[in-house]
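Counting from 1, one number per residue, gives the positions in the sequence shown under UniProt numbering.
These notes concern the structure reproduced below.
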Amino acid sequence: MIEEATMKWKIAKGTTALALAILKDFKGDRIFSSPVKSISQGEGTHPVTVTLESGKQIRSRFAIWTIPWNILPSIQFQPALSPTFQDALANGTIADRTDKLLVTTAAELPNGFNISCEGGDMPFASGFADGKRGKDTPLTLLTHPDIDLDTSEENLRLIETLHPDGLKVTSAWAHLWSKDRFAGGVMPIRQAGFLEKYYHEVRKPHGRVYFCGSDFADGWRGFMSGAFEDAYRVTREVLNLDA
1 MIEEATMKWK IAKGTTALAL AILKDFKGDR IFSSPVKSIS QGEGTHPVTV
51 TLESGKQIRS RFAIWTIPWN ILPSIQFQPA LSPTFQDALA NGTIADRTDK
101 LLVTTAAELP NGFNISCEGG DMPFASGFAD GKRGKDTPLT LLTHPDIDLD
151 TSEENLRLIE TLHPDGLKVT SAWAHLWSKD RFAGGVMPIR QAGFLEKYYH
201 EVRKPHGRVY FCGSDFADGW RGFMSGAFED AYRVTREVLN LDA
C-alpha cells in the first residue's frame, strides 16, 4: 500500500513547481536567508518575539513553527519548552542521517528496478526506478549514514554494478540532508514508546508558539501530505483561539 500511495502518482511539473505555486499564492511578507536564533514570549498585543541571527527582531501575536524537528534544539526558547518536550527532543527520536542521490541511466529497465542493500559494505541502503526523463531512466538511491557522495567517484561508479546488465550513469545529483544545517537529516525516527510518552505534549502550543509540519502529523508523518494535514490542524487552532 505504501508503494502504491507514494509511487503511482506524480506531480506533473515536480515538487519544486508545486512549492513555487504555493509561494506565489502567499500574499504576506517574506524574509529569506534569515536564520532564527531564538523565540521569546512576553506581554502586550504582540507578545511573541522572533530574533534572527542578524539581531533583527520580529514581533507578532502568534508564531507557527514549521522548521524540521531535528533543528528544534538549535533554537533558544524563552520561556523554555516543557521538561517533557525537551526529553522528547533529547531521547524520543533519532535523526535519520540518510542522504538522497538521484541519478539517470541510459539502461533500459522494462521490468523496473528496486533494490535493498542490507549488510556488507555497499553504501546504498535502497533504490528504485522512477519513471522516465527523456531517453534516460531516473533512479532514486538512499544511502547509509556518513557516505561521502559528493567526493567519492567510486561510490557513484558502484551504482553501475547494481543491475546484472549494468547501469551506465549519465548524470547524478545529491542532496546531503545529513549536512544540511536547516534539516539535520531526514525524517526523525521515533523511539519505542514515543506515542505514549510524548505525542500529546509535542503537539500542544507552547504559549503562542504552535508547532506544525510533517514531523507532527497524525497520518503521513515525514511526507509532504503530512505537512498539509498538520497545517489544517494548526490553522484551526490559531483561528479558534483568535475568534
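All residues carry an ideal CB built from backbone N, CA and C; glycine is no exception.
The structure presented is a predicted model; accordingly, all values stated were derived computationally and were not measured.
>> With a threshold of 8 Å, are at least 3 pairs of Cβ atoms found where one atom belongs to the region 87-107 and the other to the region 129-141?
In response: Under the 8 Å Cβ criterion, the region 87-107 counts as touching the region 129-141, having at least three qualifying pairs.
> Taking only runs of the beta strand (DSSP E) that begin and end inside the region 38-87, which ones reach a length of at least 3 residues, in chain order?
Replying inline: Those beta strand (DSSP E) runs which fall completely within the region 38-87 and span 3+ residues are 48-52, 57-60, 63-65 and 76-78.
>> Looking only at its chain, what residues have a beta carbon closer than 6 Å to the beta carbon of residue 130, apart from the 5 residues adjacent to it on each side?
In response: The residues are 138 and 140.
> Are the CB atoms of residue 185 and residue 59 nearer to each other than 9 Å?
Replying inline: Contact: no.
>> Quick check on residue 162: does DSSP put it in helix, strand or coil?
In response: Under the three-state reduction of DSSP, residue 162 is assigned to coil, being neither helix nor strand.
> Looking only at C-alpha atoms, which of 64, 76, 25 and 71 sits nearest to residue 51?
Replying inline: Taking residue 51 as reference, the option from 64, 76, 25 and 71 with the minimal CA-CA separation is 76.
> residue 230 to residue 221, Cα distance in whole Å?
Replying inline: Taking the straight line from one Cα to the other gives about 9 Å.
>> Restricting to runs no shorter than 3 residues, where is the beta strand (DSSP E) found entirely within the region 121-147?
In response: Secondary structure within the region 121-147: the beta strand (DSSP E) runs of 3 or more consecutive residues, fully enclosed, are 124-129 and 137-143 (chain order).
>> So, with DSSP's three-state summary, where would you put residue 179?
In response: In this structure, residue 179 counts as helix in the three-state DSSP scheme.
>> Let's see if you can read the secondary structure: which residues bound the alpha helix (DSSP H) around residue 111?
In response: Counting along the chain, residue 111 falls outside any alpha helix (DSSP H), and DSSP gives it neither H nor E.
> Distance, Cα to Cα, residue 181 vs residue 108?
Replying inline: Rounded to whole angstroms, residue 181 to residue 108 spans 37 Å at the Cα level.
> So is residue 263 buried or exposed if we call it buried at 16+ other beta carbons inside 10 Å?
Replying inline: The displayed coordinates of the chain run from 1 to 243. Any statement about residue 263 would go beyond what the structure contains.
> Looking only at C-alpha atoms, which of 45, 90 and 37 sits nearest to residue 53?
Replying inline: Closest in alpha carbon position to residue 53, among 45, 90 and 37, is 37.
>> Within 10 Å of its beta-carbon, does residue 15 have 16 or more other beta-carbons around it, so buried, or fewer, so exposed?
In response: Exposed, because fewer than 16 other Cβ atoms sit within 10 Å of the Cβ of residue 15.
> From this set, 242, 202 and 71, which residue's C-alpha is nearest residue 87's C-alpha?
Replying inline: Per the Cα distances, 202.
> From this set, 241, 223 and 212, which residue's C-alpha is nearest residue 233's C-alpha?
Replying inline: Ranking 241, 223 and 212 by Cα distance to residue 233 puts 212 first.
>> Here's the rule I'm using: 16 or more other beta-carbon atoms within 10 Å means buried, otherwise exposed. How should residue 39 be labelled?
In response: Its Cβ being crowded by 16 or more others within 10 Å, residue 39 is buried.
> Is residue 215 helix, strand or coil by DSSP?
Replying inline: Here DSSP, grouped into helix, strand and coil, assigns residue 215 to helix.
>> Alpha carbons only, please: which of 62, 42 and 63 is nearest the one belonging to residue 79?
In response: Considering only alpha carbons, the answer is 42.
> Would you call the region 153-162 and the region 120-130 touching, i.e. three or more CB-CB distances under 8 Å?
Replying inline: At 8 Å Cβ cutoff, the stretches touch.
> What's the call for residue 85, buried or exposed, on a 16-neighbour Cβ count within 10 Å?
Replying inline: Buried: at least 16 other Cβ atoms inside 10 Å.
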